[in-house]
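Notes for the one structure printed next.
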Amino acid sequence: MKQDIRDLFKDSHIERKELPDQHREEFYQKLKASRPRRQSKLNSRYLWKVAIIIILFVAFTLTIFKTSDRISNQVVETPIEMQFEVIEKQYLAYIDREWASFVSMADDDRLVKRYESKLENLSQDYLQLNQQLKEDPNNILLIEALVENLKSRLSLLKDIQKHIHIINQNNEQNENNF
Amino acid sequence: MSNTHSILIERCRKGDEKAMMRIYDLYCQGMFQVACRYLNDEDAKDAIQDSFLKAFTKLEFYTEQFSFGSWLKRIVINQCIDALKKNKVEFIESSQVQLTTLTDLDDWMFESSITKAQIIEVIDQLPLKFQVVVKLYLIEGFDHEEIASILNIPVKTSRTHLFRGKKILREQLKPFYDEARY
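So the sequences go chain by chain: A and B. The working numbering numbers the first residue of the first sequence as -2 and each following residue consecutively. The working numbering numbers the first residue of the second sequence as 5 and each following residue consecutively.
Here it is as structure tokens:
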């Protein structure tokens, strides 16, 4: 009797070789090791995106906070004095800057003196108002008066600088004419 | 192929490691049996693990027209052959033997008393270049075109290797015939 041995192998054969015990863990390690490059690239790109979004978000909220502080002091729910302090600080810094610019611009000592005393008067008023505010906090009229005071100091400085600027321009023109 | 299986492969394509481990669990035993025909246990394990990794990176080339198992098996076999080649196994034959007749080529009739286990035992003793071709043909069921492309040899060489392998096989199996006869 003969047989075609190819038929013997047609059905799947049962040879049971067992994989070593740790093969699964080993494969998992290999799998992990084979993939980090692509993953880390993805990750770093992803992290960059997240970082940029966070930075933009923080910047955005900061600017919103700042502008909202400047524009309205009712929106944010901090005590009114604290809000006012922020505004005051900003104004005073602004005034200082304008003052310095004015002093450097003006070459007339008398003019500088006159303005110094004007500002000094306003500053005295301001201190008085501030005193009143301490006795009667949350008085919106007093706060408005304080802001008004700061505003007028600022506009005083701005106006005189504008004025000086115009005069200088005229002088230059006159000089050129000669 | 079942729907869950295709979903699993789709997840592997997207880089889901859990799905990859599921595929590994499903196929590792079967693929290990295949690889053990060509390599020792340790090398076979490495070969199948590398094959899985290769398969996962080449999943975009897999089409459902083949079963995933046979696609994977082809990768495993290629991996095994590569490992053999690294050990300097040459599949190209310098001297071509004259093939007798075509009927000779296709004659696989052996004494029916011979068992599969005996055949496998003798195949394992064959010189490697014949052994691999005989296994690819007889056990894996590849045709000569497929064997030629796997081993990167001419189809003709595949035929001669198979022929010579079979010849040795017959000779080696002779004692078993006789044993059975008495």
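Where a beta carbon is used, it is the ideal one built from N, C-alpha and C, also for glycine. Source: prediction; values computed, not measured.
When Cβ pairs closer than 8 Å are counted between the two stretches, the segment 15 to 35 of chain A is seen to touch the segment 48 to 62 of chain B, the count reaching three or more.
K133 of chain B sits in a helix when the DSSP states are folded into three classes.
Among the CB atoms of chain A, one or more fall inside 7 Å of the CB of C40 of chain B.
As DSSP reads the structure, E115 of chain B sits in a beta bridge with A:K(-1).
Restricting attention to B:L142, B:V93, B:R15, the CA atom closest to the CA of F167 of chain B is found in B:L142. For the segment 53 to 81 of chain B, the set of positions with a beta-carbon nearer than 9 Å to some beta-carbon of chain A reads Q53, D54, F56, L57, F60, T61 in chain order. Chain-order list of chain B residues neighbouring L16 of chain A: C32, Q33, F36, K49, by C-beta distance under 8 Å. Rounded to whole angstroms, the separation of the alpha carbons of I79 of chain B and A59 of chain B is 7 Å.
From the beta-carbon of R3 of chain A, the residues of chain B found nearer than 8 Å are W112, L142.
Of all residues in the segment 116 to 128 of chain B, those with a C-beta nearer than 7 Å to a C-beta of chain A are S116, K120, I123, reading in chain order.
Take F146 of chain B, set aside five residues on each side of it, and the residues of its chain with a beta-carbon closer than 6 Å to its own are L140, in chain order. The beta carbon of S31 of chain A sits closer than 7 Å to some beta carbon of chain B. Judged by DSSP in its simplified three-state form, G73 of chain B adopts helix. With contact defined as three or more Cβ pairs closer than 8 Å, the segment 73 to 88 of chain B and the segment 52 to 68 of chain A are not in contact. Excluding sequence positions up to five before and after V93 of chain B, its CB lies within less than 8 Å of the CB of L132, K133, V136, all in the same chain and listed in chain order. In this structure, DSSP gives Y43 of chain A a helical state, which the three-state scheme calls helix. Q19 of chain A has a beta carbon lying at 7 Å or more from every beta carbon in chain B. Those residues of the segment 16 to 30 of chain B placed with their C-beta closer than 8 Å to a C-beta in chain A are G19, E21, M24, M25, Y28, D29, ordered along the chain. The Cβ-Cβ distance between K7 of chain A and Q37 of chain B does not fall below 7 Å.
Going by DSSP, V83 of chain A is part of the alpha helix (DSSP H) stretching over 77 to 102.
Among the CB atoms of chain B, one or more fall inside 7 Å of the CB of F24 of chain A. Out of B:I118, B:S6, B:Q53, the CA that lies nearest to the CA of L5 of chain A is found in B:I118.
Across the structure, V109 of chain A and K159 of chain A are spaced so that their CA atoms are roughly 15 Å apart. Under the three-state reduction of DSSP output, Y25 of chain A falls in the helix class. In the three-state DSSP reduction, Q19 of chain A falls in the coil class, being neither helix nor strand.
Within its own chain, no residue has a Cβ closer than 8 Å to the Cβ of I137 of chain A once the five positions on either side in sequence are excluded.
According to the DSSP assignment, L139 of chain A belongs to the alpha helix (DSSP H) that extends over 137 to 174. When secondary structure is reduced to three states using DSSP, E68 of chain B falls in the coil class, being assigned neither helix nor strand. With a 10 Å radius around the Cβ and a threshold of 16 neighbouring Cβ atoms, I163 of chain A comes out exposed. In this structure, R150 of chain A lies near I92 of chain A, with their beta-carbon atoms less than 7 Å apart. Put simply, the CB of F6 of chain A is near chain B, with a gap under 7 Å to one of its CB atoms.
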